[in-house]
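Worksheet: one structure, shown below.
There are 2 protein chains.
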Amino acid sequence: MKNIVYIATSLDGYIADKNDGLDWLPSPDSADFGFEAFIDSIDALVMGKNTFQTVLAYGGEWFYSKPVFVVSSSLKEIPKHLEEKVFLIQGTPTEITNLLRKEGFENLYIDGGLTVQNFLKEDVIDELIITTIPTLLGDGKPLFGKQEKQLQFKCIESKVINKMVQNHFIKER
Amino acid sequence: MKNIVYIATSLDGYIADKNDGLDWLPSPDSADFGFEAFIDSIDALVMGKNTFQTVLAYGGEWFYSKPVFVVSSSLKEIPKHLEEKVFLIQGTPTEITNLLRKEGFENLYIDGGLTVQNFLKEDVIDELIITTIPTLLGDGKPLFGKQEKQLQFKCIESKVINKMVQNHFIKER
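What follows is the structure, encoded as structure tokens:
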């Protein structure tokens, strides 16, 4: 039962550039980042409203094969064609984790900048799989926010993937 | 002829905590970070005044076997016992690089938060060797600052070292 972050950041730790742009990210086809195996290993995704709307805006076929829970108190409905794939959820990170566990979703993929930061603040992230894209953006939207609580992780694996590097950290408990 | 940064950061990219503290850093003896081999490979160090004064404040024997150039326009003299080991230097990162190259110092270790940021702004950093200590500090003094110019590096090596990870990036030119 784990909450896992799987995300790409720039060399200077940003998940989007200062205009929320992502064009510095390599195409998912440019290398094998292990994304499919990762998705196979999780039971559901939890993402914030912004990330959900960004994914929606890409258009095309729905991307995720696992249930997606969108954390939002303002969204009232999900587009019709996604009603069996996407669900609204509310609560603190701890409440959301407990609720989804009770429903049988053991391994959760926690996605989206603010959502990840909120889950880290409550220390309910167990693993971080961070792919560093070796671009120094100079400014942008940081993965990590400020928080009071220091957290200890350990790096268990690191892989160079076509000029990039993927580091896998797990929480020490 | 390379300018190289060799530095440790927290998981969230800080080189010191919010009180400038370093007690979250592991002891240099706790693992082999390749520091001695790295120092053997460089010809001189360039650091800012703050880093110099931090190193001085540790007391004890002088730490570096290679000449240290301290970038400062305000410092007027070097403590007597370091006069043959530490030298004051002024100029922009590009000017300092050119000056030291002319004096025969080919590979330079660029150290200290602001100094590294200033060298990156002028795109005169060739390599970054970053050891990530897997502690999320929550706040602190960031390694990377804001800058206009985007820079492309590539990761050429990555090593897990006793729960930490050392990633080696080189500038694409």
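Respectively, the protein sequence lines represent chains A and B.
Under the working numbering, the first residue of the first sequence is numbered 1, with each subsequent residue one higher.
Under the working numbering, the first residue of the second sequence is numbered 174, with each subsequent residue one higher.
Positions of the beta carbon are idealized from the N, C-alpha and C atoms, including for glycine.
Bear in mind that the values here come from a model prediction, so they are computed numbers and not experimental data.
Just the Cα atoms here: how many angstroms apart are residue i and residue j?
| i | j | result |
| --- | --- | --- |
| B/E256 | B/K327 | 38 Å |
| B/G207 | B/S247 | 34 Å |
| B/L198 | B/V243 | 24 Å |
| A/C106 | B/L281 | In the sequence as presented, Cys is not what sits at residue 106 of chain A; that position holds Glu. When rounded, the distance between both Cα atoms is 50 Å. |
| B/V333 | A/N162 | 18 Å |
| A/S158 | B/L184 | 14 Å |
| B/E295 | A/D139 | 16 Å |
| A/K49 | B/S200 | 42 Å |
| A/N19 | B/V228 | 39 Å |
| A/I156 | B/K275 | 44 Å |
| B/L195 | B/N271 | 32 Å |
| B/G285 | A/G91 | 42 Å |
| A/I78 | A/A57 | 14 Å |
| A/P93 | A/S41 | 21 Å |
| B/Q290 | B/G318 | 6 Å |
Which residues in chain A have a C-beta closer than 8 Å to the C-beta of residue i? List them in chain order.
| i | result |
| --- | --- |
| B/G285 | Within 8 Å Cβ-Cβ: nothing; B/G285 doesn't reach chain A, min ~17 Å. |
| B/P266 | Within chain A, no residue comes near B/P266; the closest Cβ sits about 15 Å away, beyond 8 Å. |
| B/T305 | C155, N167 |
Using DSSP with H/G/I as helix, E/B as strand and the rest coil, what is residue i?
| i | result |
| --- | --- |
| A/Q152 | strand |
| B/L183 | Correcting the residue identity first, residue 183 of chain B is Ser in this sequence and not Leu. Three-state DSSP puts B/S183 in a strand. |
| B/S331 | strand |
| A/E127 | strand |
| A/T54 | helix |
| A/P142 | strand |
| B/I177 | strand |
| B/F208 | helix |
| B/L255 | helix |
| B/K336 | coil |
| A/K66 | coil |
| B/K222 | helix |
For residue i, which residues in chain A fall below 7 Å Cβ to Cβ?
| i | result |
| --- | --- |
| B/E321 | G138 |
| B/G232 | Here the premise fails: no neighbours, minimum Cβ distance about 28 Å. |
| B/D196 | The contacting residues do not exist; B/D196 stays about 11 Å from chain A at best. |
| B/D193 | The contacting residues do not exist; B/D193 stays about 16 Å from chain A at best. |
| B/F236 | Chain A residues near B/F236: none, gap ~27 Å exceeds 7 Å. |
In chain B, which residues lie with their C-beta within 9 Å of the C-beta of residue i?
| i | result |
| --- | --- |
| A/G34 | Going along chain B, no residue has its Cβ under 9 Å from A/G34, so there is no contact; the nearest lies around 15 Å. |
Quick one: which chain B residues come within Cβ less than 7 Å of residue i?
| i | result |
| --- | --- |
| A/L75 | The contacting residues do not exist; A/L75 stays about 29 Å from chain B at best. |
Which residues of chain B have a Cβ atom closer than 8 Å to the Cβ of residue i, listed in chain order?
| i | result |
| --- | --- |
| A/F38 | Under the 8 Å cutoff, chain B gives no residues; its nearest Cβ is about 19 Å from A/F38. |
Practice item. Could you list the residues in the region 153-171 of chain A with a C-beta less than 8 Å from some C-beta on chain B, going in chain order? Key: F153, K154, C155, I156, E157, S158, K159, V160, K163, M164, V165, N167, F169
**Study point:** Those runs of the alpha helix (DSSP H) which lie wholly inside the region 94-123 of chain A and span at least 4 residues
**Key:** 113-121
Check your understanding: Looking at chain B, which residues of the region 43-55 of chain A have a Cβ within less than 9 Å of any of its Cβ atoms?
Key -> none
Practice item. Report the residues of the region 270-298 of chain B with a CB closer than 8 Å to any CB of chain A, ordered along the chain. Key: L293
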